[in-house]
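Trainee: I am attaching a structure below and will ask some questions about it afterwards.
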Amino acid sequence: MTLPTTGRVATYRAPNAPFEVTALPLRMPKPDEALVRVSMSTICRSDIHSYQGHRSNPCPGLLGHEIVGRIVALGAEIRHDMRGDPLAVGDRITWSEFFIPGNNYFSEVLDLPQKSPGVEKYGHMASTTPPHHHGGFAEYCYVLPKSWILRLPEALSDAEAAPLNCGVATMVAVTEAASIRLGSTVVIQGLGLLGLYGAALAKSRGARCVIGLDVDANRRENASRFGVDLALDPMLSMAELDPLVRQHCKPQGPDAVIEVCGVAEAIPLGLALIRTGGTYVLAGMVSPDAMVTLDAHRILRKMITLKGVHNYHPRHLMEALDFVVSHQGRYPFSDLVDARYALDQVTQAMADAAARRVLRAAIVP
Ligand SMILES: [Zn+2]
């Protein structure tokens with residue numbers, strides 16, 4: 002097939018500067034690469050952190066890592082996806098948000114490929130870095146070597162598929178780390194997209210009760226559609242909050258607490274609510290300097306298991322896809338992507354997402 006010679010990308014020159022759409026050269030994929038025509042890319046909270054300069058990101062910055070698209074050209078060495086399903090031009094795919102430079106101690110011995118030295122991520126590189134098209138806010142994206150690819154069933158909408166490779170896969174890893182099982186009681190701090198997928202996943206793992214905490218009343222109201230049994234305002238006093246939580250997490254309080262609100266000051270509350278012997282998983286602290294003062298004695302005395310989860314293992318991506326496919330009818334996942342923008346509207350999309358006027362903004366290039 003003949004490819005266009007260029008593809009459009011939306012990039013920003015410096016933090017908070019407006020996005021500009023430019024055309025950059027395209028080439029045929031190498032034998033171990035694929036080239037995808039992007040159909041949707043959703044804006045993750047970490048895109049916003051990068052754009053606002055809360056963490057360093059090279060410029061001109063090409064963001065967007067929650068990507069779904071169709072293969073337009075396929076390198077000769079790529080014949081199957083990670084599950085073994087054959088891949089061909091025209092297939093719609095998702096792929097891991099990260100790719101690694103090669104096998105290493107973290108991928109081979111520690112089973113933490115996402116922590117490989119030199120790991121790179123889609124939507125985290127400058128557009129001047131070849132092959133230029135490696136982020137979601139663009140018409141095309143190369144799927145680079147040592148990425149994990151999954152073919153998508155046509156029954157899944159783009160809105161259901163786009164968050165799979167970051168938000169959903171991360172929450173599969175988080176709910177696994179939280180040891181949620183039949184009869185578990187769970188508190189989730191933060192009812193954005195991560196929290197809502199976390200609630201639905203906790204229920205599918207057998208949780209008896211899921212309580213969500215969020216300062217936003219609209220988010221609390223919406224949460225029951227995704228498996229949250231009780232949504233509470235974390236600004237309530239401890240004297241009000243603790244009895245309500247315990248009443249639903251009898252007899253001793255929640256077995257697991259999951260933080261996905263990204264507010265460091267919320268951690269002492271999680272430590273106060275969790276039952277003795279419970280597991281507390283932090284997954285929202287994606288920017289550095291998330292300083293907080295807490296009583297470490299409480300962790301010791303309550304024998305709390307405290308875990309951090311960053312990204313996910315490739316197997317979580319397969320589980321994320323299977324979970325969304327099997328729960329499509331039960332939870333309105335498509336509704337979570339509640340605003341769509343063209344490639345020349347990325348500046349507006351970022352502003353709306355940053356101000357939380359929308360839950361998950363989607364770029365449809
Ligand atoms: Zn993300």
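Residues in the sequence shown are numbered from 2 upward in steps of one, following our numbering.
All C-beta atoms, glycine included, are put in the ideal place defined by N, C-alpha and C.
1. So, does the segment 59 to 74 touch the segment 137 to 150, judging by three or more C-beta pairs under 8 Å?
2. Per the DSSP calculation, Thr-176 is bridged to which residue(s)?
3. From the DSSP output, in three-state form, read off Gly-103 for me.
4. Per DSSP, Glu-241 is paired with what?
5. Alpha carbon to alpha carbon, how far is Gly-124 from Phe-334?
6. Do the segment 178 to 195 and the segment 216 to 233 touch if we need at least three Cβ pairs shorter than 8 Å?
7. Consider the C-beta atom of His-66 and the heavy atoms of ligand 1; say whether any pair is separated by less than 7 Å.
8. Which residue marks the beginning of the beta strand (DSSP E) containing Thr-95, and which one marks its end?
9. Taking its Cβ as the centre, do 16 or more other Cβ atoms sit within 10 Å of Asn-312, making it buried, or is it exposed?
10. Could you check whether Pro-255 and Ile-275 sit closer than 8 Å to each other, using their CB atoms as the reference points?
11. With the cut-off set at 8 Å, would you say Thr-1 and Leu-27 are in Cβ contact?
12. Closer than 7 Å to a non-hydrogen atom of ligand 1 - does that hold for the CB of Ser-47?
13. Comparing alpha-carbon positions, which option in Val-144, Lys-116, Ala-321 and Met-83 lies nearest Pro-32?
14. When DSSP labels each residue in this structure, what does Val-359 get in the three-state scheme?
15. Give the single residue among Arg-71, Ile-181, Gly-168 and Pro-146 whose Cα lies nearest to the Cα of Glu-155.
16. Is Ala-160 a contact residue of ligand 3, with contact defined as CB to any heavy atom under 7 Å?
17. In the DSSP assignment, what are the bridge partners of Ala-11?
18. Per DSSP, what are the beta-bridge partners of Thr-306 in this structure?
19. Tell me Val-287's beta-bridge partners as DSSP assigns them.
20. Tell me which same chain residues have a C-beta within less than 7 Å of the C-beta of Ala-321, skipping the five on either side of it?
21. Counting pairs of Cβ atoms below 8 Å between the segment 347 to 361 and the segment 45 to 52, do you hit three or more?
22. Assuming the contact rule is C-beta atoms closer than 8 Å, Gly-207 and Arg-182 should be a hit. Round their C-beta distance to whole Å, please.
23. Quick check: Thr-176 and Leu-202, are their CB atoms within less than 8 Å of each other?
24. Gly-279: beta carbon under 7 Å from a heavy atom of ligand 1?
25. Can you tell me whether Thr-186 is helix, strand or coil according to DSSP?
26. Leaving out five residues before and five after Met-236 in sequence, what residues of the same chain have Cβ atoms less than 7 Å from its Cβ?
27. Less than 7 Å between C-beta atoms, sequence neighbours within five positions excluded: which residues of the same chain meet that for Thr-129?
28. Does the Cβ of Leu-151 have 16 or more other Cβ atoms within 10 Å, making it buried, or fewer, making it exposed?
29. Within the continuous alpha helix (DSSP H) that includes Leu-197, where are the two ends?
Mentor: Once the coordinates are examined:
1. yes
2. DSSP lists no partner for Thr-176.
3. coil
4. Bridge partners of Glu-241: none, in fact.
5. 23 Å
6. yes
7. yes
8. 93 to 96
9. buried
10. yes
11. Shown here, the chain extends from 2 to 366; a query on residue 1 therefore has no answer.
12. yes
13. Val-144
14. coil
15. Arg-71
16. As for ligand 3, it is missing from this structure, which binds only ligand 1.
17. Val-22
18. Thr-280
19. None; Val-287 has no bridge partner.
20. Leu-165, Val-169, Ala-170 and Val-173
21. yes
22. 6 Å
23. yes
24. no
25. strand
26. Val-216
27. Pro-61
28. buried
29. 194 to 205
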